[in-house]
Structures are given as structure tokens and as C-alpha cells.
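I have placed the structure first, in the form of C-alpha cells, so that the comments after it can refer back to it.
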Amino acid sequence: MITRRAFASSLAPAFLARAQGRRRPNLLFLIADDHAGYVMGCDGNAQALTPNLDALAAQGTRFAAHYCNSPVCTPSRQSLLTGQMPHMAGVTQLRTALDPAKPNFAKQLKAAGYQTAVFGKMHFNRPASPGLHGFETIMTEGEITKAWQKEVKPAPVPPGVRTKPLPWRPFATPAREWLNGGNLPYPRKDEDMRGTYIARQSIRYLEEAAAGSRPFALWCSLQEPHSPFDFPVEDRSLIDPKKMAVPRVGPEDAWQIPLIFRGLTPEEKQGIIAAYYTSAAFMDRNFGRVLNKLRELRLDENTLIVYTADHGYCLGQHGRFEKHCGYDAALRVPLIMSLPGRIRAGVVKDLTEHLDLAPTILELLDAPALAMQHGQSLAPYLAGKRPAKPRSHIVSEYLENEEVFVRTNRWKLIHSTGKRERLDGYKTDNPTPGRYTKLYDLEKDPGEFTDVSGANPKVVAELQQVALDRFRATHPERDHEPSRSGAVAALEFYLPPRDNAPPAEARP
Numbered sequence: 014m015i016t017r018r019a020f021a022s023s024l025a026p027a028f029l030a031r032a033q034g035r036r037r038p039n040l041l042f043l044i045a046d047d048h049a050g051y052v053m054g055c056d057g058n059a060q061a062l063t064p065n066l067d068a069l070a071a072q073g074t075r076f077a078a079h080y081c082n083s084p085v086c087t088p089s090r091q092s093l094l095t096g097q098m099p100h101m102a103g104v105t106q107l108r109t110a111l112d113p114a115k116p117n118f119a120k121q122l123k124a125a126g127y128q129t130a131v132f133g134k135m136h137f138n139r140p141a142s143p144g145l146h147g148f149e150t151i152m153t154e155g156e157i158t159k160a161w162q163k164e165v166k167p168a169p170v171p172p173g174v175r176t177k178p179l180p181w182r183p184f185a186t187p188a189r190e191w192l193n194g195g196n197l198p199y200p201r202k203d204e205d206m207r208g209t210y211i212a213r214q215s216i217r218y219l220e221e222a223a224a225g226s227r228p229f230a231l232w233c234s235l236q237e238p239h240s241p242f243d244f245p246v247e248d249r250s251l252i253d254p255k256k257m258a259v260p261r262v263g264p265e266d267a268w269q270i271p272l273i274f275r276g277l278t279p280e281e282k283q284g285i286i287a288a289y290y291t292s293a294a295f296m297d298r299n300f301g302r303v304l305n306k307l308r309e310l311r312l313d314e315n316t317l318i319v320y321t322a323d324h325g326y327c328l329g330q331h332g333r334f335e336k337h338c339g340y341d342a343a344l345r346v347p348l349i350m351s352l353p354g355r356i357r358a359g360v361v362k363d364l365t366e367h368l369d370l371a372p373t374i375l376e377l378l379d380a381p382a383l384a385m386q387h388g389q390s391l392a393p394y395l396a397g398k399r400p401a402k403p404r405s406h407i408v409s410e411y412l413e414n415e416e417v418f419v420r421t422n423r424w425k426l427i428h429s430t431g432k433r434e435r436l437d438g439y440k441t442d443n444p445t446p447g448r449y450t451k452l453y454d455l456e457k458d459p460g461e462f463t464d465v466s467g468a469n470p471k472v473v474a475e476l477q478q479v480a481l482d483r484f485r486a487t488h489p490e491r492d493h494e495p496s497r498s499g500a501v502a503a504l505e506f507y508l509p510p511r512d513n514a515p516p517a518e519a520r521p
């Protein structure tokens, strides 16, 4: 369903096609890390300080039921970039590197004449070099951190200001420390922060691109609000932890709460939540700097702006402070698309997936479609229309834990073999509990507290079949599925990760 505030009339289907005498639209792709869809003012959260993204949503189309295809950084990002499910993209684990030969939509844009650039976190898991994955200009994790440390000479922190200890040591120190339960700032001022440096590099690129003759496709990727929830010293009093409510935990959650979170006090949980919200506000401010420069250069009138995040994050929901699970807090992410004058303000409530971004962007920018893409274009929504076949469900996967998730408007299915011992740092009482299937009635139980799989075996079977159909349509080893094995066994054939990742290590 699409609701509209300003769609007075339907836009033409080819509303983004190249106008006579006009350069094709540029692309500004903004992406955050761990930004949950519910932590935005425009999503109805009055405690979220996201004015710049809220303003972007007010002028564009916001997809209110948008979901990632994996609740972990690397698989989600490479799935989004390639337009393929993580298992087909060849990246289902955190440390797997995307094959440089793999087609993706940045390569398509480059081939179509766009100048391409990326600044910030991308989880390519290999040294950056010009041309990697289609990016002519590339400064990702290691490169941009080295440049930041070399170029930025930080001003001293005001005397008496308490800051977080460095270095950050996730899992090596208690969760209250590496999750910033004290709500402490990073020991730098705003202008000296790494996120601000990434924004400045993006701004510098915009200034150079404005003078060029080719359209640009720029990725600006910030690490915030990923743990340890960094924010500058100026923001140390931005949010009062005492005003942050800790989500309740249901009786069915006890078995699956990771051991590392069980010792957190209510006050520490409030501090973690406040630190996350403050880090999100810092992220919003830096994206605002980039958006302001785009307007200042008068590039906004011909630039498709996309904002999203790799996945969401649980801030105490189900006792978790992480994202490696199938609950909505971890799977639902923001998606905003804007092009002033050609995309009008509206909110789409139909289900959409990250897989839909590659075909949408390539269509809107008049670039060739990828030969293999698993999503569907969202362009009809941007024209004020619904697709002929809107999604009836979304499918996401966390194969590190041999889990698959299916969500419809009413139901959520979580299915796992329970055979694979967790090596991601989030162990529970029983690392290998065996097969489990959970079903939640989201109309009656939006918090996903009560498993109703036993009372609804038909629904469970239908959603397991939905997941199986997705794997059969997209998995590279579908021709090797065992015959006559039954639907559940067939589904579980696809759940073990098959990418050749380096040895696993605990990572937030």
C-alpha cells in the first residue's frame, strides 16, 4: 500500500528518463551501519534525533517496511550491491571477500558512463584499489582510517571531560564497556571525528564532480551508529540515559539471550541505548553536511539520493544488543529515495527488500540491468503507483547460524537447523540446540514474544515452502538438492554457509 501526502497526480512512468538536453541524474548513495528503521523521527520515534534524514524523507519517498536480506554487515552489503541473495553473491559470512569479478550495479553505472566513487565502510574485505568493484575512486575502511589518522591533528579535549577508553576491544572486555554502557564520548571533537572526515571527503568529491562533464555515482558510507556507538565530546549530554526505556523481555526469550548480555544492569542498558541514539544523531549530522553541500552546489535538482542501512539493531529487544537474528528490530531498515521535482513526498507501506535497490537504481539512471538480479524495481512506487505484483513476503538469511527468516504482513517465520555452533561471539546456554522453528502472529504480537508455530502448522509449512522456493530460484547449488527428502530437509540443505571465509572470530 502507498500513502501519499503530496502525490496530487501520478508521475509519468519514465519520469526519470533522460530529458532532452539534460545530463542523466547523478546518484548520491548514503548508507549507515546498524541503523535500525525504528530509530528515526520520521518513523514516529520522538527520541530519535535525525532531522536531516527526516527532511529528506519529507521531500522524497520513504519505504516504511523495507528489509535487509541478511542481518550482518558483509552479506547484506554485498547482496545489496550485486542485487543477489547473499548465498548467490557468494558472501554469507562476515569475513568473506566479494569476488572482484562479480557483476554489481556500481560496475553497471561505470560502464554506462558514470564516474564512480566510495568513501567509508563497505566490508569488501580486501585492500582497496582503483577500479575494485567498479569504483574509480575508492577509500574504504583501512585506507580512509590511515588517511584520517595522518591528516587530522585532533584538538585537545576540554579538561575534565570523561571519554571512553581506547582501544575498543569487543568481547575482550565486558559488554558494558565495549557497548559503551557509560554513554561516553569518543575522545575527539566533532571536526576531528572519523565520520566527519568521511563526510568531508565526500564533500570534496562533490565539489570536483560538479565541475566535470560526466554524471557521478557517489557512495558515502558511515560506520555510525555501529558499536561502540561513537560520538564527539560536544554530544556528551545530548541524550539523557534515564529517559531511555529498556524493552521488556518475554518469557520465551530466556533461552536465546547471549551470555555476554545477561550481566548488564538496567542502568547500563539505558546507557547503551542512549549512546546508540547519540551516535545516530552524529551520523545524521554528517549526512546533513553532505546533503547541504549537494544543495549548495545546486546538484540536488538532478541527483537521485538514496539513504539506507545495511541492517537494523536490537537495543534490548529480546534481551539482545546486536543484530544477528530474525526479529524485526534487526531486519527492518530505513529506505528513503529522493529526486526533487521528480519524486514527490510519500510513504510506501508494502514490503520491500534490499534486493530491490539495484534494479531500481539502474532503471532510474537509465543504465543496463544486471544479467542476474533477484529483486524487482521500485520505480512504480516512485511514480505514485503500485507494481502489478507487490511483494507478499520478504526473505532474509543468517547462514552463519543456519537460519532463514520469512516475513509477511501478518506472519514471521524463523527456522534454523540449530546444528552450527555460533562463533560470532553471541553464544547462549546451548550453542547447538538442534532444529527450531518459531512463528509469530505480527497482528496480535508485533513484539514477537509468543511462538504460535504449534497452533499453526499449515502456516509454518507454507512459509517454509516460501523460503525453499527462494533458495531453489536463486541458489548456485540448487541442482544438487537431494531428491525425495521432504520440504524441511530440502530447506535445510541450503542453510549451511558455503563461501570460503577465513576462520571465524567474534565480531560485533
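This note's numbering numbers the first residue of the sequence shown as 14 and each following residue consecutively.
For every residue, glycine included, the Cβ atom is placed at its ideal position computed from N, Cα and C.
This structure is a prediction, so every number in the text was calculated from the model and none was measured.
Check                                                                                                                                                                  : Outcome
Taking its Cβ as the centre, do 16 or more other Cβ atoms sit within 10 Å of arginine 483, making it buried, or is it exposed?                                         : buried
For the region 290–303 and the region 335–351, state whether three or more C-beta atom pairs, one from each stretch, are separated by less than 8 Å.                   : no
Using the C-alpha atoms, what's the distance from isoleucine 270 back to leucine 504?                                                                                  : 26 Å
Any idea what DSSP makes of alanine 401, helix, strand or coil?                                                                                                        : coil
Would you be able to state if there are at least three C-beta pairs under 8 Å between the region 238–251 and the region 188–208?                                       : yes
Are leucine 219 and lysine 306 touching if we call contact CB-CB under 7 Å?                                                                                            : yes
In whole angstroms, what is the alpha-carbon distance linking tryptophan 181 and arginine 37?                                                                          : 43 Å
What number of angstroms, rounded off, separates the C-alpha of glycine 34 from the C-alpha of leucine 251?                                                            : With a pLDDT of only 48 at glycine 34, under 50, the local geometry of the prediction cannot be trusted, and the value read off the model is given with reservation. Approximately 48 Å between the Cα atoms of the pair.
At 4 residues or longer, what runs of the alpha helix (DSSP H) sit wholly inside the region 284–351?                                                                   : 341–344
Check the DSSP bridge columns for tryptophan 232 and list the partner residues they point to.                                                                          : Phe42 and Val131
When the Cβ atoms of the region 432–452 are set against those of the region 377–387, are three or more pairs found closer than 8 Å?                                    : no
Just the C-alpha distance for proline 198 and glutamate 490, rounded to the nearest angstrom, thanks.                                                                  : 47 Å
Taking the CB atoms as reference points, tell me whether aspartate 369 and leucine 383 lie closer together than 7 Å.                                                   : no
Using a 10 Å radius around the Cβ and a threshold of 16 neighbouring Cβ atoms, would you call leucine 476 buried or exposed?                                           : buried
Using a 10 Å radius around the Cβ and a threshold of 16 neighbouring Cβ atoms, would you call lysine 402 buried or exposed?                                            : exposed
As an exercise, report each continuous alpha helix (DSSP H) stretch of at least 4 residues that is fully enclosed by the region 152–189, in chain order.               : 154–164
Count Cβ pairs between the region 160–174 and the region 258–266 that sit closer than 8 Å; are there 3 or more?                                                        : no
Over what stretch of residues does the alpha helix (DSSP H) that includes histidine 100 continue unbroken?                                                             : 99–102
Taking its Cβ as the centre, do 16 or more other Cβ atoms sit within 10 Å of asparagine 443, making it buried, or is it exposed?                                       : exposed
State buried or exposed for tryptophan 268, treating a residue as buried only when at least 16 other CB atoms are found within 10 Å of its CB.                         : exposed
So which of Arg423, Thr487, Thr441 and Thr278 has the shortest CA-CA distance to aspartate 458?                                                                        : Arg423
Given a cut-off of 7 Å, decide if aspartate 47 and histidine 239 are closer than it, judged by their beta-carbon atoms.                                                : yes
Do alanine 188 and isoleucine 273 have their CB atoms nearer than 7 Å?                                                                                                 : yes
Would you call glycine 447 buried or exposed, if buried means 16 or more other Cβ atoms sit within 10 Å of its Cβ?                                                     : exposed
Considering only the alpha carbon of each residue, which of Gly96, Pro260 and Arg355 lies closest to aspartate 313?                                                    : Arg355
So leucine 426 is in the beta strand (DSSP E); what residue range does that whole segment cover?                                                                       : 424–429
Where in the region 455–506 do unbroken runs of the alpha helix (DSSP H), each at least 4 residues long, occur, reported from the N-terminal end onward?               : 470–487 and 500–506
For glutamate 281, which residues of its own chain have a beta-carbon under 7 Å away from its beta-carbon, when the five flanking residues on both sides are left out? : Arg189 and Gly194
Helix, strand or coil for glycine 34? Go by DSSP, reduced to three states.                                                                                             : With a pLDDT of only 48 at glycine 34, under 50, the local geometry of the prediction cannot be trusted, and the value read off the model is given with reservation. Three-state DSSP puts glycine 34 in coil, outside helix and strand.
Would you say threonine 129 and leucine 107 are within 7 Å of each other, going by their C-beta atoms?                                                                 : no
Closer than 8 Å is the cut-off here; do at least three beta carbon pairs connect the region 140–150 with the region 51–65?                                             : no
Could you tell me the boundaries of the beta strand (DSSP E) in which glycine 359 lies?                                                                                : 359–361
Just reading off the beta strand (DSSP E) that threonine 105 is part of, what are its end residues?                                                                    : Taken as a continuous stretch (DSSP letters only), threonine 105 belongs to no beta strand (DSSP E), as it is neither H nor E.
With distances taken from CA atoms, which of Pro353, Tyr507, Val473 and Lys471 is nearest threonine 487?                                                               : Tyr507
In angstroms with no decimal places, state the Cα-to-Cα distance between alanine 102 and glutamine 91.                                                                 : 7 Å
Between asparagine 513 and the rest of its own chain, which residues show a CB-CB distance below 8 Å, the 5 nearest in sequence each way excluded?                     : Thr109
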